[in-house]
Structures are given as structure tokens and as C-alpha cells.
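Chains as they are written, first to last, in our numbering: chain A, 1 to 313; chain B, 1001 to 1313; chain C, 2001 to 2313. What follows is a single structure, written as C-alpha cells, with notes after it.
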């Protein structure tokens, strides 16, 4: 697999995804057996303009498990108070002398691509604004592959903030590559899927259904879907219609009632952190795989790092 | 020694403490000879909801000296601004996939216990609110053992903020395990030892004396005590009685005058950082062991890490 | 080379600089070949009271490339909220038990010297207030040596904030050690070189010319100089004379026009980050070496670390 940067879901084709998943399977063995020396002598720089301990720790743990080193900043725009920060481009060029791969999180969509244009070393997009979060989507896809045995033909309900979740956005691009996919969009009115993604899916043969209301048909859908993919519902999106927000918070919830209707071999996913949208009572159910996602994410990021730094097991 | 988590002083019995101290002695040799490979391939995560460079660096240095790796956050509640942070429990489960041991500092008493109930990996309490700081107390106890040759029969004066110091609180639980202990509580009126600890010590056969006034009998006590354990006096505790605070700041001080009356084989301890409560002139005196405490702390934390990760020298 | 601390430019003589540059040349090979084991088992602590990702990453990368470990804080004055931070001296003594070398950045001039007086381990000054930034100046000097083949006889224009740039200040002390140096000071009126440095250079036989006006003779100088050393111009220094600031921002710029007049074997340097004082169009010119400076800086810091920790290739 030729992998120069990881910028967006669109850059991966089905063949690459398959190779990546095979590599991730092998990484799982390393996780179980302890540290490897695969990336000994390599340095990863975490450059987080927006702090996120989970994502940062996931990449840094992946690098450590492979025997590499980590330089870390969760306030990447901090400079001597006397000086004005330079451009993202200058920072990226500079960091390329210190590290062998840069993991970038930035508040602005398109930042990862901008960075990749000037960088001396590979860039991994760890989330840029509301645009994309491709490694989250890769781990989501890998989770479906591992838990359901394949992706073709999957029926998936995307629940929550479809408008602003970059994880869901990136996942959408991936799903469009597979055949026989059916997607149910389930969101309160202000948070429906954006038009460009709807058209992209439509153009790529994905069958979809839109359920935009304050009372989502979760228990009904439960009988049909293979995957519930749930995300947080942000209060800010409701403006002063706080009643609607409170209703949504109560309604868009996977709980015992939904569990009861779900198919035996279906799964519940969540990118975490969660608020109340998945009830704690669900955690013990074998179909709740959101913590397994964390584990698969570690494996996927190890696979990406080893592929991008051109080292194989 | 079976050690699953390090949560509070009460979990250690005298036999465990002895084993731990023997292990710490051996760790001292590693510190003197440079890095060991004992914890190679293991990852420690520092999860500090309240920043504390000293405690964090102590654990991280201990892990490095043993050949392990470190993931670090001193703002553990930082998440993407778009999302609300999840629960402590979810964070702990997640981090358990990235690290082999979690060092937790949190602003809320009881957090370490809560974390241990869901964690996949060992939790070490690095201070939770005003509740406990067991590794600080372990290093304090180890310092007494090393400097005085034993703990039974020790006469100790606890000086300063007895009400809120979690170090002193945790140390109290440890002292109660030994025989013949005499404790002098020395504090300005609002900062006396809390009733629950007084009763705990009393029930466990510790003899104690309370000296609560603005003029502490430090020079008098100096003739009797083996250990002065001194802590910062926080201004906030005095409300608007700033005169009393100023008086306390001047009076609760170990200085040349106190040194003069102290026994030859006694010691002065302080958990650091200090303000003016130990005068700089005291630093050169051989009985001032607060920087040695730092060294013993490194050894104790190395011992805890190697015991908890089930690796022995 | 006997190197105990790195505190200020004045501590280095020409012989030491030559040795250091030879060592840096060898470090360049390590950078090209991947990690070395030279500093295996050693720990570096970054203690940054003022955050600066670039300088911190440069030192930490240097330590990693040599096989050492890193403890890192970019908010070195963070302590438990309940406690008041202790003195710099107490912190430095404490950190000396956790690390084998301390890299210190502090807002107060003279801090590195204060630290060195009490420290158990070597101190490297990574910038203290507006006083000095000796490792930046060392890498600047090394850049001139590498790019021009020598330092004696060099004609250099220092452009921008001469009054407050500690990089330029430290570089001044170094230049005074070489013979036949000519310096052009080029600055807007409020930012001219301070009198003490002017006298120091004068006393040490450096010939200098002062160009303090709102219209700097950059294109004219371009014909004569071997080095343009450019720095940011801070708005704050202009008080309410914002017009003068705007004029300076437009005038103190290396652009295509200046490039055209420059000698073939001359160079443009900048300590970075930059604002508009070097136009992006300059980046592609072979005489623009500000990113090479980053690389040379890594080599110099590796050389300093290996010399100070008494390990040689």
C-alpha cells in the first residue's frame, strides 16, 4: 500500500482498506504481546491546535506500542508571548525537521491538506474543523468489518448530529465504496445530513431513508438495522429552542427498550465521548461495541503509522 | 505483594509496607546505575485533572528509569470544544486500552476509587481532592524509615494545615499501624486536625497532643520530637482575619532558633512546594531532609510501578 | 570540551565553538541515519515557564534522536490549585532528582543563572526574558559557518527588533569573538540596538553602522552583506504611533526587490516564527536558509546534550 498522507476518506479505495485491515489484524497481536521494535528510531509529533486527549493518546499509544517516540503538544499555537505565531505552513515545515510523521488536529477545515502541501514528512489528519476525521472513520469501518464479518450489504442507522459530526461525514465517504449499503439518517430537525453528503451517497448507489423529527423511530429501526451509530446532540444547535433540545436529549437514546428490539447480531457504535445518548444499562450488552472501537482504533492507527513510515511486520 | 491499585493508605498493612520498602531500596540502585529494562514495553498514562508538575514528573521519571513509556496530560478534561466531556468512568475505560497503568489526579475526593471500579488496568491515586495522596504518604513513611532506622516509637510533630493537607491525612492512616507513636498536632486555630482522623488515631492507640494557637511551641517541641513534618498555611482558610494569617505565617516557621533546640538525630520533612514555613537557612542543616524526600519518592514510585505491573528486579 | 551548563553566549570561546561545530557535524550523520543510543538511559526535563513549541520540540527531538527520554512541561508554574508554587530554586533542585539535564525557559532575565547555582544537574538556558537565548545564537552561528564556510570577515545586517530580540543579543556576543566582522544595525527608530551591546561590540573591534529610520536601505545593503538576519517587528513597541508601525511592516521586508540586489553567495536568516518581514516568494531562493537553520539547530542541540552529558560519538 502506497500511503503518503492520511487526509480524507476519499483517498482510500477498497483494495487499500482491505490491506489496511489485514495490517491492523497483525497489529492486534503486537498489542497482545507487548511492545514491538518496528518503528524504533522514528518520532511522531502530535500537533493539536484543539486539545483532545483521547485521539492524541490513541496515536501516541500506537507509536509507543511500535517502539517509536513521541513529541506532544495539545496547545500547538502556543509561542513565546513576545512573538506572533507564524503560519501553519511554517510550523509544519519546521516540525518536519523534528519528527518523522505529524498528527495534526486543527479547528479549520482543509488544514490537513494545506499542511500536506508543504510538509517534509507525512501528515495524518486527526480532525480538521467539521470537515473530516478519517482515522475515526477508518476505525469505525474496521469495527463493522470485525464485528459483523463484512461491510457489503450492511444496514446502518446514523443517529444524532449528522450535520456537524466529522466522524459521520468521513464514514459516509467510506460506506459509499461498498455495495448494498442502506443508511437511515436519524436526527432532530436542525441536525439532518448535509445536502452534499446526501447527493454523494445517492450518486454512489447507497439507498437512504431520512427520519428527521423530535421522536425518532429507534425501536422500529432496531428490528432492521445491523448497526446503530450514535453521536452526541449539541445544545448549541438548537439556539433558544431549549425545549426541543430537552426533548431530543430524552428521545435520541439507545436504552433497554431499543435493545430489546435489536437483532441478535447487530451492534451499537459511538465515537465517544458520550453524554446521555447511550444509557449506562446498555454497556453490559454484548452488542455495545463502543469500547471495542477504542481497541480497534489503536490497531488501525498502528497500521497507519507502520504503513506510512514504510515499515511492515 | 499483591497490588492491584493504589487508592488509599488504609489498603496497606505493615507486611506490605516492609516489602515495598525493600523493593524501593533495590530501586535506589537502579537510579544510581541508570536506566533499567524492567518495564520495557509498558505504558503509563498520567491523567491529571489538576495540574501538578512535581508529582507528575516524579511518576513519569520513575517509569522512564524503569524503561517504560509515558503518555501525559495535565489537563485531562480537555476535549474537542465541540463536544461535552464524557464521564470519568468512560475516560478511564478508554485510557485502559492505551496504557498499562493510569496515574490519576482529580479535584474530587473518591475519584480514584470510582476509577478503580471500572478500569481495565491498575489505578494509582496521585491525589484526589483533599481526601488522600497515598504515594506521598508512602514516601514520607519511607523517608522516616530510612532516616531514623524505623517507625515504631517515633515522636512526630505535624505542623501547618492539618485540616486540608491530604498528605498529612494519608500519613496519619499509616502512622496508626505502628506502635508507640506520639503525635503533636500544631496548627493555627482554623486548621486543626479533623475529628474523624483524631478519632481514628485515638482508636488505634496513637498518643496525641493538640497545640492549636497562634503561637506554636515549636522551640519547646524541638527538644522532644524525632520528626517535624511541616506544610504550607493557606491564606484562604483565614477568611478576612488577615492579621491572624500574617501572625501564623511568622510563627509557624522552622528557623535557626528551632534548629538549635532540635535533637541531633531528628529530621525536618516537608511535602513541597514550600513558602516561608521553612527558612532557607535550614536547607544546609543535615536534619533537613525535604529534598531527600524527593529522591525517596522516586524510589517508592518505581517500587509501586514495578509491583503493580508484576515485575520484580 | 568541558561544559557544565549552557547559560549565555559569553561562556563560549572560539575553541569551544569549533569543537561544538565539529560535534554538530557528526550529529548530522545520526539525524540522517536514524536514532542513536548515545544518551540511552538519560532523561531531559523541559521546564518551560513560557510556552514555545518550536524550541521545546527542538530540544526534545534532539534528546529522542540520541536515544534519551523526555519529561515535558510547557506550563512549568502549574501546581495543585490549593498550593502556592515554591521558588524557582526549589523547583530546580526537585527536578534534578527526576532528570539528568534541565532545559529552562523563563520570563525573567537571569533565571538560568539562578537555576544553575542550585541545580544538581546541568541547566540549558532556552531563553530567559529578553536577556539571552544562547542555543538559538549557537545555531545561528553554526548556520553561518556551514553556509558561508567561516565566520571571520563576515558582513551581516541585523534587521528588525534589535532592542528586544534575545536571539540577536546572544548572536552579538558571539560575533564579537571573530575578526573582521562588520555589522549593519537596521531598525525602525524605537527598536535600535541597546547601548550596552553597541559598546560591547565596539570594544571588541566589531565595525558597525546604524541605520535607524522608517525607510531601511535594504536594497542598497543587499549589495554589500553576506548575511541578512531578520526578526519580527512587534506592534507593541510603537505605542500609539500605529502609522509608524504600519510603515515599518511594509518597509522592513526582504522581498524580490532585495533578492535581486543580493550577492550570489549571501544568505537570509530568520529565527522564526515570521510574520510578513520575509515575503513567501523568497522561500524558494537558495539563499533563504531559515528552514536550514531549524535543521542546524537540531544538530547543535544534539551536540550540546551529548557534550553536557559527557557522552561522545
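For glycine and all other residues, C-beta sits at the position ideal for the given N, C-alpha and C.
Environment of residue i [buried if 16+ CB atoms lie within 10 Å]
i: residue 1033 (chain B); result: exposed
i: residue 1069 (chain B); result: buried
i: residue 2132 (chain C); result: buried
i: residue 1207 (chain B); result: exposed
i: residue 2196 (chain C); result: exposed
i: residue 1150 (chain B); result: exposed
i: residue 8 (chain A); result: buried
i: residue 202 (chain A); result: exposed
i: residue 1172 (chain B); result: buried
i: residue 1218 (chain B); result: buried
i: residue 2297 (chain C); result: buried
Neighbour list for residue i in chain A, Cβ cutoff strictly below 9 Å
i: residue 2058 (chain C); result: 94, 97, 98
i: residue 1272 (chain B); result: In chain order: nothing, as chain A lies at least about 26 Å away.
i: residue 1045 (chain B); result: 57, 61
Reference residue i; option with closest CA among the options
i: residue 1156 (chain B); options: B:1238, B:1179, B:1051, B:1199; result: B:1179
i: residue 2253 (chain C); options: C:2268, C:2016, C:2084; result: C:2268
i: residue 2192 (chain C); options: C:2306, C:2163, C:2171, C:2290; result: C:2163
i: residue 2286 (chain C); options: C:2251, C:2189, C:2265; result: C:2265
i: residue 134 (chain A); options: A:256, A:113, A:97; result: A:113
i: residue 187 (chain A); options: A:88, A:23, A:120, A:168; result: A:168
i: residue 1301 (chain B); options: B:1142, B:1040, B:1092, B:1223; result: B:1142
i: residue 2044 (chain C); options: C:2012, C:2037, C:2102; result: C:2102
i: residue 139 (chain A); options: A:307, A:290, A:306; result: A:290
i: residue 1048 (chain B); options: B:1124, B:1013, B:1004; result: B:1124
i: residue 2209 (chain C); options: C:2227, C:2013, C:2184, C:2018; result: C:2184
i: residue 2247 (chain C); options: C:2235, C:2214, C:2258; result: C:2214
i: residue 1 (chain A); options: A:10, A:11, A:19; result: A:19
i: residue 232 (chain A); options: A:220, A:250, A:119, A:239; result: A:250
i: residue 1227 (chain B); options: B:1261, B:1104, B:1244; result: B:1261
i: residue 1272 (chain B); options: C:2280, C:2050, C:2089; result: C:2089
i: residue 1222 (chain B); options: B:1198, B:1121, B:1258; result: B:1258
i: residue 224 (chain A); options: A:263, A:244, A:198; result: A:263
i: residue 2097 (chain C); options: B:1060, B:1087, B:1115; result: B:1060
Beta-carbon proximity list for residue i, same chain, < 6 Å, skipping 5 on both sides
i: residue 1055 (chain B); result: 1126
i: residue 2313 (chain C); result: Here the model assigns residue 2313 (chain C) a pLDDT of 49, short of 50, so the residue's position is not dependable, and the following value carries that caveat. Only 2026 meet the Cβ criterion.
i: residue 1036 (chain B); result: 1030, 1066, 1067
i: residue 118 (chain A); result: 89, 92, 93
i: residue 1303 (chain B); result: 1020, 1023, 1024, 1027
i: residue 1198 (chain B); result: none
Cutoff 8 Å; reference residue i; Cβ partners in own chain excluding five residues on either side
i: residue 1129 (chain B); result: 1106, 1107, 1108, 1109, 1110, 1111, 1166
i: residue 230 (chain A); result: 159, 160, 252, 254, 268, 269, 270, 274, 277, 278
i: residue 1052 (chain B); result: 1074, 1105, 1126, 1127
i: residue 16 (chain A); result: 1, 3
i: residue 280 (chain A); result: none
Listed by chain order, chain A residues near residue i by CB distance under 7 Å
i: residue 2034 (chain C); result: 41
i: residue 2194 (chain C); result: Result: empty, since nearest Cβ-Cβ is about 16 Å, beyond 7 Å.
Under 8 Å by beta carbon: chain A residues contacting residue i
i: residue 1072 (chain B); result: 72
i: residue 2228 (chain C); result: What residue 2228 (chain C) touches in chain A: nothing, since even the nearest Cβ is about 18 Å away.
i: residue 2291 (chain C); result: 93, 94, 97
Interface residues of chain B facing residue i [CB-CB closer than 8 Å]
i: residue 2090 (chain C); result: 1272, 1273, 1274
i: residue 146 (chain A); result: Those within 8 Å of residue 146 (chain A) in chain B number zero; the least Cβ separation is about 15 Å.
Close-in-space but distant-in-sequence residues of the same chain around residue i (CB under 7 Å, 5 per side omitted)
i: residue 2309 (chain C); result: 2039, 2042, 2100, 2101
i: residue 1073 (chain B); result: 1046, 1047, 1048
i: residue 2314 (chain C); result: A query on residue 2314 (chain C) cannot be resolved here, the shown segment of chain C reaching from 2001 to 2313 and no further.
Listed by chain order, chain B residues near residue i by CB distance under 7 Å
i: residue 295 (chain A); result: 1097
Partner residues on chain C for residue i, Cβ-Cβ distance less than 7 Å
i: residue 76 (chain A); result: 2053
i: residue 69 (chain A); result: 2064
Partners in chain B for residue i, counting only beta-carbon separations shorter than 9 Å
i: residue 298 (chain A); result: 1097, 1098
- [ ] Jot down the residue ranges of each uninterrupted alpha helix (DSSP H) in the stretch 56-141 of chain A, minimum 4 residues, whole runs only, in chain order.
- [x] 88-95, 111-118
TODO: Counting only runs of 3+ residues fully inside the stretch 231-281 of chain A, write out the beta strand (DSSP E) ranges in chain order.
DONE: 267-269
- [ ] Could you pull out every unbroken alpha helix (DSSP H) segment of at least 4 residues lying fully inside the stretch 1281-1313 of chain B, listed in chain order?
- [x] 1290-1308
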